[in-house]
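Q: The listed protein sequences correspond, in order, to chains A and B. Numbered according to the numbering used here, the first sequence spans residues 78 to 192. Numbered according to the numbering used here, the second sequence spans residues 1307 to 1417. Beta carbons are placed, not taken as given, at the ideal position from N, Cα and C, and that holds for glycine. This one's a predicted model, so the numbers in the text were calculated from it and none came from an experiment.
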Amino acid sequence: GAVVSQHPSRVICKSGTSVKIECRSLDFQATTMFWYRQFPKQSLMLMATSNEGSKATYEQGVEKDKFLINHASLTLSTLTVTSAHPEDSSFYICSASGGRGYEQYFGPGTRLTVT
Amino acid sequence: AQSVAQPEDQVNVAEGNPLTVKCTYSVSGNPYLFWYVQYPNRGLQFLLKYITGDNLVKGSYGFEAEFNKSQTSFHLKKPSALVSDSALYFCAVRASRKLTFGTGTQLKVEL
Chain A
78 GAVVSQHPSR
88 VICKSGTSVK
98 IECRSLDFQA
108 TTMFWYRQFP
118 KQSLMLMATS
128 NEGSKATYEQ
138 GVEKDKFLIN
148 HASLTLSTLT
158 VTSAHPEDSS
168 FYICSASGGR
178 GYEQYFGPGT
188 RLTVT
Chain B
1307 AQSVAQPEDQ
1317 VNVAEGNPLT
1327 VKCTYSVSGN
1337 PYLFWYVQYP
1347 NRGLQFLLKY
1357 ITGDNLVKGS
1367 YGFEAEFNKS
1377 QTSFHLKKPS
1387 ALVSDSALYF
1397 CAVRASRKLT
1407 FGTGTQLKVE
1417 L
C-alpha cells in the first residue's frame, strides 16, 4: 500500500516552454501533497505544500507564478514549470500524506532537463 | 526552526560488518524523526520512524535506529551490512507537517 506515482519520469524541454509533472496517490487519498526539488548530490528542498481543493503554500524563495501547483483531487497533484529555463533543470520529487499523516510517501521523481 | 545534521558525507563499510549512519536534530517540542533511503534516480523509500515509545526503532531491511533525547541524535544502524545497502540515506525531522531533511550520507558497502 501507499504507492505514489509520478509522470513523466524523465522529460526534456526547450527553454521558454512549459512542462507539467503529475503526482498520483494510487491506493490512498492524499489530503496533502508536497513538492520537492533535489539538485545533484544534495538534499531535498521543499518547494510547496498543497492541500486538496485549496491553494498551495510556497516556501520562501520559490516563485509561485513559475511553479504552478494544482491539487484538484485527493489523488492527483500537478506541478507546472512555466517558461522553463536551463537553471530549472533538476530532479523533482512529490510526496503524499493522508489521514493522520505522520508519514509522507514519495514518488519516484521526475528528471527535468531544459535545453 | 527545525534542522537536521548528517555529519558524514560518506560512510564506507565492509559487507558483513555493522554500520552506523549518524544524525542529530534540532526541533521545538517532541521530535518526529524519519530515515529514508534513495537509490540513484529514484524517489525516497521509507525505512523507519520515531514518534514516541521505545528508543530503539526497528524498520525495513534489517535497519534500526536509536533515539537519544539527551544527545538529540537518531543514528541509523544495521548489524550486518550488505552490498545492496549501498545508497544515499537521509534523516528527516517533521514539524508542522513538513519534513526537513539532512544533507544525506552516501553509504558504500564493499565486498
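Classify B/V1327: buried if its beta carbon has 16 or more other beta carbons within 10 angstroms, exposed otherwise.
A: buried
Q: A/M124: beta carbon under 7 Å from a heavy atom of the ligand HEM?
A: Absence of the ligand HEM is noted for the structure shown, with no ligands found whatsoever.
Q: Using CA coordinates, which residue listed in B/R1348, B/Q1351, B/W1341 and B/G1349 is at the minimum distance from B/V1363?
A: When C-alpha distances from B/V1363 are compared across B/R1348, B/Q1351, B/W1341 and B/G1349, the shortest belongs to B/W1341.
Q: Which residues of the stretch 1383 to 1396 of chain B have a Cβ closer than 8 Å to any Cβ of chain A? Give them in chain order.
A: For the stretch 1383 to 1396 of chain B, the set of positions with a beta-carbon nearer than 8 Å to some beta-carbon of chain A reads F1396 in chain order.
Q: At 8 Å on the CB atoms, spell out the chain A contacts of B/T1409, in chain order.
A: Simply Q119 and S120.
Q: Identify which residue in B/V1333, B/P1324 and B/L1353 has its Cα closest to the Cα of B/A1311.
A: B/V1333
Q: Roughly how many angstroms separate the alpha carbons of B/E1372 and A/K132, rounded to a whole number?
A: 38 Å
Q: Can you confirm whether the stretch 88 to 101 of chain A touches the stretch 148 to 159 of chain A when touching is taken to mean that 3 or more C-beta pairs between the two stretches lie within less than 8 Å?
A: yes
Q: For the stretch 1345 to 1357 of chain B, which residues have a beta carbon sitting closer than 7 Å to at least one beta carbon of chain A?
A: N1347, R1348, G1349, L1350, F1352, K1355 and I1357
Q: What residue does the beta strand (DSSP E) around A/E136 start on, and which one ends it?
A: From DSSP, A/E136 is part of no beta strand (DSSP E); its letter is neither H nor E.
Q: Based on the DSSP output, what are the partners of A/L153 in its beta bridges?
A: Answer is A/R101 and A/S150.
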